[in-house]
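Numbering (the working numbering), first residue to last: 5 to 381.
Given below as structure tokens:
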């Protein structure tokens, strides 16, 4: 059973944002002891698709490479350079007896909080909701939240009951949605350039890589392909939406369904695509596939929704369009972009070193602020 820590020091919102002297408050040259709590929906990294798990795996290994003492709380099927603490052999997406899924996430978080004395900080990568908020006032060390979706206003209003709890936003677009919360940093995701290798010479197809649900843009992608007379490959897990709505439009010649792409197949498809189509209707907080495509040198044609305009350099790494008609009209310019420049810019913006360094800076600030608060309590 978790017990409330007696008299924990509190940190003001302003204290979380102070950077001057933060590093001096930590032991000289000392690494941080970090509890990185991943989702337990599936393995980290994922065997198939999963942007949260992909980014969490990269962050864990990058922190270890920097000399930090990292424990990853995840499924036993996970593969990591960090220490691994596992409550579940595999994730609740694979084992349907692990239900309700919310309890699995809470138990995994609790395992980290119960061991808080062994760490300087707990960082939760939320699969769906920032359940870690419930622990922020009982934990003797800072608990940081990263959210990976675009929340609705009622959700944010509920979370504001813990308005002092620190969040990392994955984009400026997401940070605007979290304006009533304490966003201590905006850190874009990263992509491994060694895995998403450069594809200098594309094949003859456009690519849609995402989910088959309403608002994700698959119907719009098909329209783009038809009206520009391009072949289109659809790569996503089959769903009821696919069977009911998308499958009747697949002719296996111009519109081809390739199934769900695992990590290796995804990179192969991205490297070979003339362009990635991203006509998503609803705003996404990030859209990791955008960075993955650009890292492969593949330009992106996207609607200006969510974080798209801050990730895609319009006219350099792709085209950002206000409407589907404008996107269709602009496809020749997107297809003519220099793939070498697309790759170079992606390496500059989305390399793993940048993401890891920015997280270490945030961790250092939070730990230093907590220690200052404890000294003055």
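Glycine residues also receive a C-beta, built at the ideal position from the N, C-alpha and C atoms.
Burial state of residue i, where buried means 16 or more other Cβ atoms lie within 10 Å
i           : result
residue 270 : buried
residue 1   : In this structure the chain extends from 5 to 381, so residue 1 is not present and cannot be described.
residue 310 : buried
residue 193 : buried
residue 220 : buried
residue 162 : exposed
residue 240 : buried
residue 175 : buried
residue 337 : exposed
residue 31  : Bear in mind that a pLDDT of 47 at residue 31, under 50, signals an unreliable position, so the number given afterwards is only what the model happens to contain. Its Cβ having fewer than 16 others within 10 Å, residue 31 is exposed.
residue 157 : exposed
residue 104 : exposed
residue 303 : buried
residue 67  : buried
residue 342 : exposed
residue 374 : buried
residue 124 : buried
residue 113 : buried
residue 95  : buried
residue 107 : exposed
residue 47  : buried
residue 252 : exposed
residue 191 : buried
residue 25  : Residue confidence for residue 25 is low, a pLDDT of 33 falling below 50, so the modelled location carries little weight; the figure read from the coordinates is stated next. The residue is exposed, with fewer than 16 neighbouring Cβ atoms inside 10 Å.
residue 356 : buried
residue 69  : exposed
residue 121 : exposed
residue 86  : buried
residue 154 : buried
residue 169 : buried
Nearest-angstrom Cα separation, counted from residue j out to residue i
i           : j           : result
residue 365 : residue 151 : 18 Å
residue 27  : residue 205 : Confidence at residue 27 is low in this model, with a pLDDT of 38, below 50, so its placement is unreliable and the value that follows should be read with caution. The straight-line gap from Cα to Cα measures roughly 46 Å.
residue 289 : residue 133 : 14 Å
residue 322 : residue 306 : 8 Å
residue 350 : residue 380 : 44 Å
residue 50  : residue 101 : 20 Å
residue 1   : residue 57  : Because residue 1 is not part of the residues shown, which for the chain are 5 to 381, the question remains open.
residue 369 : residue 130 : 21 Å
residue 213 : residue 44  : 23 Å
residue 292 : residue 189 : 18 Å
residue 53  : residue 232 : 29 Å
residue 38  : residue 295 : 27 Å
residue 19  : residue 187 : Because the pLDDT of residue 19 is 32, which lies under 50, any placement of that residue in the model is unreliable, and the number read from its coordinates should be weighed accordingly. Each residue's Cα considered, the two are about 12 Å apart.
residue 340 : residue 347 : 14 Å
residue 329 : residue 167 : 42 Å
residue 264 : residue 242 : 7 Å
residue 159 : residue 109 : 18 Å
residue 200 : residue 59  : 14 Å
residue 359 : residue 42  : 17 Å
residue 276 : residue 181 : 35 Å
residue 345 : residue 317 : 11 Å
residue 249 : residue 71  : 50 Å
residue 363 : residue 55  : 17 Å
residue 334 : residue 230 : 15 Å
residue 140 : residue 115 : 14 Å
residue 128 : residue 178 : 17 Å
residue 216 : residue 284 : 11 Å
residue 185 : residue 262 : 41 Å
residue 99  : residue 93  : 9 Å
residue 117 : residue 135 : 12 Å
residue 29  : residue 246 : Model confidence at residue 29 stands at a pLDDT of 40, short of 50, so the residue's coordinates are unreliable and nothing is read from them.
Whole-angstrom C-beta distance between residue j and residue i, which should lie under 8 Å
i           : j           : result
residue 126 : residue 147 : 5 Å
residue 79  : residue 64  : Not a contact, Cβ separation roughly 13 Å.
residue 88  : residue 40  : With a Cβ gap of about 10 Å, residue 88 and residue 40 do not count as contacting.
residue 315 : residue 297 : Contact doesn't hold; Cβ gap of about 10 Å is too wide.
residue 209 : residue 278 : 7 Å
residue 260 : residue 236 : 7 Å
residue 313 : residue 324 : 5 Å
residue 137 : residue 371 : About 19 Å; that fails the 8 Å criterion.
residue 326 : residue 308 : 6 Å
residue 198 : residue 301 : No, residue 198 and residue 301 are not in contact; Cβ-Cβ is about 14 Å, not under 8 Å.
residue 299 : residue 172 : So it is not a contact: roughly 22 Å between Cβ atoms.
Per DSSP, the bridge partner or partners of residue i
i           : result
residue 48  : DSSP lists no partner for residue 48.
residue 60  : Answer by DSSP bridge pairing: none, since residue 60 is not bridged.
residue 170 : 186
residue 139 : Bridge partners of residue 139: none, in fact.
residue 213 : 239
residue 318 : 322
residue 150 : 129, 172
residue 332 : Answer is none; residue 332 lacks a bridge partner.
residue 77  : 41, 89
residue 279 : 210
residue 260 : 237
Query raised in the report: Enumerated in chain order, which unbroken segments of the alpha helix (DSSP H) with a length of 4 residues or greater are wholly contained in the region 282-311?
Result: 292-299
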